[in-house]
Amino acid sequence: MTETVHYYNRFAAEFFSSTVAVDMTALHGRFLARLQPGASILDAGCGSGRDAKAFADAGFKVVAFDASPELAQLATQHCGFEIHARRFEDLEEIAQYDGIWCCASLLHIAANAMQEVLERLWNALKPGGTMYVSFKHGTGEREHEGRRFTDADDALIRLWFGRLSGARDVEVWLTDDQRAERVQRWSNALVWKQHAESSRLVTGGADHFLPHLSEAFTWATEVALAVAFVKATGLRLLLPDLQSLLRAGANRRLRILTSDYLDITDPQALRLLLLLQQQGAEVRVYTTQASSFHLKAYIFAKVEKEVTVAGTAFIGSSNISRQALQEGLEWNYRVVYPADPGFMEAARRFDELFADPRTVQLSDAWIEAYEQRRLPPSRAVAPGSHEQEEPPEPTPVQLKALAALEATRQDGFRRGLVVLATGLGKTWLAAFDSAAVGARRVLFVAHREEILTQAASTYLRIRPTARVGYYTGRSRDAEVDVLCASIQTLAKAEHLERFAPQHFDYVVVDEFHHAAASTYRRLLSHFAPSFLLGLTATPDRTDQSDILSLCDDNLVYTCHLFEGVEAGLLVPFHYYGIQDQSVDYREVPWRNGRFDPEQLSNKLATLARARHALREWRGRGQRRTLAFCVSLKHAEFMAEQFSRAGVAAAAVYSGSSLGRAQALDQLESGTLQVLFSVDLFNEGVDLPSIDTVMMLRPTESKVLFLQQLGRGLRRSEGKEYLVVLDFIGNHHSFLQKPQALFDIGSTYKALAEFARRVEQKTLELPEGCYVNYDLAIIDFLKSLDSSGPQKDYQALRDVLGRRPTLTEFFNSGSSITAMRQQAGHWFELVRTMGDLDADEVAIASQCQGLLREVEVTAMTKSYKMVLLEAFLELDGLREPTKLNELNQRSRAVLDRRRKLLADLPADMSGTQGDSAAWARYWRDNPINAWIGGNRQREQSALFKVTGDLFELAQQVPPEMTMPLGSLLQELVDYRLASYEVRLMPASDSNVVPFPTRNRGSVELPYFPNLKIACGHFKVGRTDSEELRSLPPTYGLLDPSRHFIARATGNSMDGGKNPVKDGDHLLLELISPTSAGSITGAVVAIERQDEGGDSQYLLRVVNKKDGHYVLKANNPDYEDLLATDDMRTLARLRAIVDPLDLAVGQTFLREEIPPLFGEEFNPGSWHAGHVPLSEKRAHVLLVTLNKQGKAEEHRYLDHWIDEDRFHWQSQNATAPESKRGREIIEHAARGIAIHLFVRESKLSGGKAARFRYYGRVTYESHQGSAPMSVVFRL
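Residues in the sequence shown are numbered consecutively from 1, following full-length UniProt numbering.
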């Protein structure tokens, strides 16, 4: 063999050229006809790679090798994937390939070694697989031009294969050489490997039945099951495989036959079968009528062009119960076709029985009649016949969420959003809650079929007697108790019209992509349920914007992943963010929020990346690993590379040769160490034993990332923590991962700050959790540190994969004021960023005044936006809205958004939407405002009333009403969301439930500079986007006259009371009734510059020689003589201490030092007591609930009452120490003590914010080292 290899190395190029283009189509066809699509093939001795490339191009998974390194290199270049340099004697794989192709390669093996080589190849072939071989026709051994040949004829080939165990159906035929200059004839052979005789009998126990069934589902196109009884416990084990078969396409067929024999079959199991029937299965029941029905047959067939080409039947003792499939000793005999013709007889007999007149099609009516007459045996008559599913019970987290939902309904809310981390049971919560309120009809809406099937199964567990059905492209069952509907189907007008608005008592909306928001809004504007529940696993408010808006901005309950870990419901995690060194993602096209799938797969399936992943896994992975890949090719490639490195690995996906149940069973038992998956384990599958998750692909959404992470967070006996190996590349899509896991903001600045906290090891994590990022990733995140509207917008767009909405921009923490300073208004920024389509650009220009006014119009109450919300819900842009309908819908919007009801006066709170009193009130308020009743010029009105119709004043072409409606809805969503934030307390609601303590404080309008402030009041508005509170020490304040603005420039920076650039100024509007004397006062003055533009100056007004002179405190500025074109707008009341503005607000720890002009230093500011000697201040940072701290560090801090706080010092602080004396004598020493308090270190899974309570004064103390001090606010 060595001389032969030398020959091919010397003449590799010539051999490659002479063989690579030979037409092998006919031989390929005969071989591939025996394999299922996508099967795995080994091309053993592949030569030029001609056949390996043809198989790969046809969609098969190909591994190829050749003994000549030179030829293997040429073949690699030709195929585009690696061809290994290997010899037959190196082959050690066991049952790994569905097909083995040995074309003109075995002919170089010596005759006396042939049988051993064939044994190696045979061992590598799976049972049920096919092998092809070819030899030059003849007999004996010979040498030619330095190469050894072994020729073979029909008899010799049959002799060799006859010695292989399980070789069946050997087919041998002759062909001519396809090269024109050759006259050689070839002996070709195909042989099929039968399943081993020892595997014919499945005995249960250690060899339980379920994995055998799961394996058969992976290749069968038609499945027929006939069992005496079905229990829900067993059927749920088969559901994933049954549903996968039905989803595979129109050429799949599933038939199930069961019976009412002895009334053993569960009604709940029958309802699950009915769900399968709605998905395309054929289900019938044999009515025994006092006869018996003892069948237990499971028949799997592969049918091509109406011909059965392969099959397996299991006939024995197992019904569909958990005991029969997984636990008991049950014998089932396997019949394999084509080896055993008994398979065809079993299939024919099933066909006859399925058509028997004693069988009936399963229906709701039949199940209900069966339920009425059912009398199951009092004692077990067969294994599993008495199995019952335990009634499900809510988890502690679900119980809290249920209580919060009940409370929100008691408060009058009709819509609400619940955020539950993956693994905490969102769908279960929805089912429990709808049952708790006694909802008669429930609608569950989602965008994916897998979510709907999971929901239907869940609802049946909670409501076992309910009729549950689907409304999808395939099934439209409207008359059910629980309807699981595809949004794509139900939202169409012709389908909505089938249902009355009050048809459903309870509607559930699962999280959805932003692009579907308008579709969901249309659906929900049709229905009027008693309650609407929105569900999401994404903790970031930016990502929740769409679904939260649908839920009237009512966030009912949140339990993030960190809280699930702290509560012991999920295991801790050790997270490793690993730089994806071998892939440059910038080279992969990015379109519509995702990478090009094929090019991404090619980039990821490389040897360098596989070796990198293997190194990381060996260093950090545990025993049972689930790895997520981007494609079938990627999964197969990774499994092959890990296997070659001696790791027990396999790829599993929809249609893979290894079934899902088999794979999990092998992983559980330790037979497999790593499972590479594409899409089978994203959601809906319980995998508690997984202890390592490997993220080998980018994820286009936070939801998908959290779902994949959640696969490993389930608790399991002996599992201490989950290892997460996350490969992070140089592309903005990877930024979603830290944002999703650590719930950090969506701006680049927030990401950079997060990186610094990782670097400084100051992340606050649940106990037992650990986080590590490669330094290159930390440096990359820190490099993002920049701010500004365009940067914030770009960061959001990068994360979302689309342009953000204004609500998302607002929720991300970006500055609306800065955005307007830079762009003027929101849609101008969006246009500048290139994110408006042609229709949107046109309508934004045409209706600029309308959009601008809706974005900034004064809102002392919510009414204007409530009216617009109602107007849009009634499709008022397309057709004018009747006033009575608008009044009623507006009242309905207010009733839904309960927080806004506080805007109503007492005499209006109980009025109905159809009452005359309400019509008058609503006409006098928002309707009057929108039609120009509050304006001096009626022609400037944006809407008009004509008769009893309310409509847009401006004419809009019909084809533009949809884009205009979308833009208006976006603005209305933002205005309502931001208005409700104004109504909320300054805290996040659950930081400190003690004194909010702004008694006597007044909220005043706040503006970033004088120009914006004066421009705002100049047009008669008295509201502001931002409000700030000032304490009573600033005197009697009136929000209609007083406001706060930032100083700009240094013209007043001088004298006894300098005004510095950036100072906060308290100003009072000057009006005819409040002018008084302005001589000697500091006044804001408007004047025209040389270009005719308005300037706003701050100056001291003096009187000299009978004329007013405007004087700057900074001597570098000249005095100005007052002229008639100048106008006084406001007088300066005080320069505001920034800390007074901060009282009542909340801050992250790292946001507190800048309040005192300090930089954040973790060494100092992570202590609870920070003295600032130069500032003559002490800062107390108090966490009331210090769970997780050592006992000696749990200080006794608490509120005594609304005015007093009990604080305990650190253990080293005594009254006589420097710190102790400065606390006790702080007033005399001129030292200010500032109190910041939070309830616990984590809130919503991330670092909790401290609320600032302002300066406190010492009242008393006792004890020493530590001291107990009482402070008064």
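Where is the CB? At the ideal position from N, CA and C, for every residue including glycine.
Beta-carbon within less than 6 Å of Asn9's beta-carbon, same chain only, minus the 5 sequence neighbours each way: which residues are those?
Ser68, Glu70
Measure the alpha-carbon distance for Gly316 versus Thr489 and round it to whole angstroms.
43 Å
In its own chain, which residues sit with a C-beta less than 6 Å from the C-beta of Tyr770, not counting the 5 before and 5 after it?
His574
Would you identify the three-state DSSP class for Glu616, choosing helix, strand or coil?
helix
Would you decide whether His1234 is buried or exposed? Buried here means 16 or more other CB atoms lie within 10 Å of its CB.
buried
So that I know if they touch, is there some Cβ in chain E lying closer than 9 Å to that of Arg1087?
Absent from the structure is chain E; it holds one protein chain and no more.
So the beta strand (DSSP E) Gly99 belongs to, where does it begin and stop?
97 to 102
N- and C-terminal bounds of the alpha helix (DSSP H) containing Val703
702 to 710
For Arg158 and Asn319, what's the separation of their Cα atoms in angstroms?
42 Å
I'd like the span of the beta strand (DSSP E) that includes Val856, first residue to last.
It is not in any beta strand (DSSP E) - Val856 instead sits in the alpha helix (DSSP H) that spans 848 to 856.
Backbone CA spacing between Ile41 and Gln289 [nearest angstrom]:
52 Å
In angstroms, rounded to a whole number, what distance separates the CA positions of Ala649 and Gln641?
9 Å
Can you tell me whether Arg937 is helix, strand or coil according to DSSP?
Confidence at Arg937 is low in this model, with a pLDDT of 48, below 50, so the placement of that residue is unreliable and no value is reported for it.
Identify the continuous alpha helix (DSSP H) that holds Ile264 and give its terminal residues.
Segment: none, Ile264 is in no alpha helix (DSSP H) and carries neither H nor E.
Run through DSSP, which three-state label would Val360 get?
strand
Could you give the first and the last residue of the continuous beta strand (DSSP E) run that contains residue 1280?
Given a span of 1 to 1273 for the chain in the structure shown, any question on residue 1280 remains unanswerable.
What runs of the beta strand (DSSP E), each 3 residues or longer, lie entirely inside the region 75 to 161?
97 to 102, 125 to 136, 141 to 144, 147 to 150
Three-way DSSP call (helix, strand, coil) for Glu1151 in this model
helix
Find the nearest neighbour of Phe161 within the set Ile1231, Leu561, Gln115, judged by alpha-carbon distance.
Gln115
What do you get for Thr875, buried or exposed, if any count of 16 or more other CB atoms within 10 angstroms of its CB means buried?
At residue 875 the sequence reads Asp, which differs from the Thr that was named. Exposed is the call here.
Mapping DSSP to helix, strand and coil, what is Pro1171?
strand
Distance, Cα to Cα, Gln361 vs Gly280?
13 Å
Which residue comes first and which comes last in the beta strand (DSSP E) that contains Thr558?
555 to 559
Close beta carbons around Val1182, own chain, < 6 Å, minus the five adjacent residues each side
Asp1197, Val1237
Buried or exposed: Ile1070, going by 16 or more other Cβ atoms within 10 Å of its Cβ?
buried
Please report the straight-line C-alpha distance between Arg182 and Gly59, rounded to a whole angstrom.
32 Å
Output yes or no for whether 9 Å exceeds the beta carbon distance between Ala818 and Thr747.
no
Thinking C-beta only, is Pro1162 closer than 9 Å to Thr762?
yes
Would you tell me roughly how many angstroms separate the C-alpha atoms of Asn602 and Val583, rounded to the nearest one?
10 Å
Which term fits Ile462, buried or exposed, when burial requires 16 or more other beta carbons within 10 angstroms of its beta carbon?
buried
Please report the distance separating the alpha-carbon of Lys492 from that of Leu523.
8 Å
Any heavy atom of the ligand MN within a distance shorter than 8 Å of the CB on Glu587?
As far as ligands go, the structure on display features none, and thus does not contain the ligand MN.
For Ser656, which residues in the same chain have their Cβ closer than 7 Å to its Cβ, ignoring the five residues on either side in sequence?
Thr218
Can you give me the C-alpha to C-alpha distance between Glu143 and Ala110, rounded to a whole angstrom?
11 Å
Please tell me whether Val419 and Thr536 are closer than 9 Å, where the distance is taken between their beta carbons.
yes
Around the Cβ of Arg920, are there at least 16 other Cβ atoms within 10 angstroms (buried) or fewer (exposed)?
exposed
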